[in-house]
Amino acid sequence: MELETARPVAEAPARIFIACARCKTRKRKCNGDTPRCSNCTAHGAECSYAAVRKTRGPAKRAKTADVREEHANAPPPLLLPPPPPPCVTSPEWPGNTHPSVARTVDIFPASGKSPAGVGVGFPPFFFGGGGHQLIVPEFLRPENFMRNVEAMTAEIRRAREEGRFPPLLPLGIAQGIVEYSFEDIIPEPPFISRASLMGHLGLQYAHPVITPGAGTARWALVNSVLALAGRFKTAPGFEHCLDPITMSSYENATAVVPDLVRGAPSLLSVQALLGVALFARGIPDARMFVALVVNASVQLRALDQTRPWAGPMVSPATKEEYRRVYQFANRVSEEARSLMTGDASG
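Numbering (our numbering), first residue to last: 18 to 363.
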């Protein structure tokens, strides 16, 4: 009988997993001599192998317990005061012939007072014994508010005498009153979104001069919204102080209405006409409101011929803006029709 040749029994391969440190690809029995990982091969890189980290089992639980104990024994964090906010961009005021030109102002000057000629500073003062910090805009402090209003009113008067556009509100104030009164001054359905309005506001103040220039529609829109926000924010009893500033924004908007009516219709021009009409609705003489609504409707009918919202490159946000403009125009058109026929209740 032939003796059977004993064959060596192949040992089961050890489950050794080593991970590539570059692409985290795990290899079985990989010691660096085997071909590279597919990811490394594709990028022409050399594999760099390292042992796989322990992700479960007793070792993992022990490590987690050590970390928890370390966190539990750690000293409490120090309660440090918050860092001061960065500089803000604020227009010059008063006596600025170009209020739309902004410059950077340190809101925490070393002297504790805002620089001369700047109406929007934020000097800090403290109250209570706990170190709480209350930041109040300097232009709202009683000793500065009326002085700034008088300076702005005097600048508006000089602009009218010289035949130029009255100055815009400082950028910091304009952004604040428009941002926080948007829902109150733009009724539903809004003919412009908050994001679009704030974008047009920033673009207008970025213009180096206070004339409308080529952006006539944007100029009318921004000034009409500033007039709406100023009228809404005026407290009862202060109309005689703030109405000149509010009406100067309205005059800036109405000064370019003929250019809007004669110009090519666009979404922005219709929004500008509706914004001016919205302010004119609060004026006793309703003829201006009716005329603006009629012209906005005429431009919308002209846009129906070209259908600019139906293009393939038009974003969904722009299409939604067109839809809301049409809804708002239909609403105010009904109101204007009632005023023309004498059926208005108010």
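Glycine included, every Cβ here is placed at the ideal spot set by N, Cα and C.
Leaving aside the five residues that flank residue 305 on each side, the residues in its chain whose CB is nearer than 7 Å to its CB run, in chain order, 297. Three or more beta-carbon pairs separated by less than 8 Å link the stretch 250–268 to the stretch 181–196, which places the two stretches in contact. Straight across, the Cα-Cα distance linking residue 252 with residue 322 is about 45 Å. Taking every protein chain shown into account, the CB of residue 222 has 16 or more other CB atoms within 10 angstroms, so this residue is buried. Straight-line measurement puts the Cα of residue 234 at about 22 Å from the Cα of residue 300. In the structure shown, the three-state DSSP call for residue 212 is helix. C-alpha of residue 173 to C-alpha of residue 350: approximately 34 Å in a straight line. Rounded to whole angstroms, the Cβ separation of residue 346 and residue 317 is 6 Å, and the two are in contact under 8 Å.
Here residue 169 is buried, its C-beta having at least 16 other C-beta atoms within 10 Å. A residue is called buried when at least 16 other Cβ atoms come within 10 angstroms of its Cβ; residue 158 does not meet this threshold and is exposed.
Under the DSSP assignment, residue 330 falls outside any alpha helix (DSSP H); it carries neither an H nor an E label.
In this structure, the beta-carbon distance from residue 353 to residue 311 falls below 8 Å. For the pair residue 237 and residue 270, the Cα-to-Cα distance works out to about 4 Å. With a cutoff of 8 Å on beta-carbon distance, residue 319 and residue 282 are scored as near each other.
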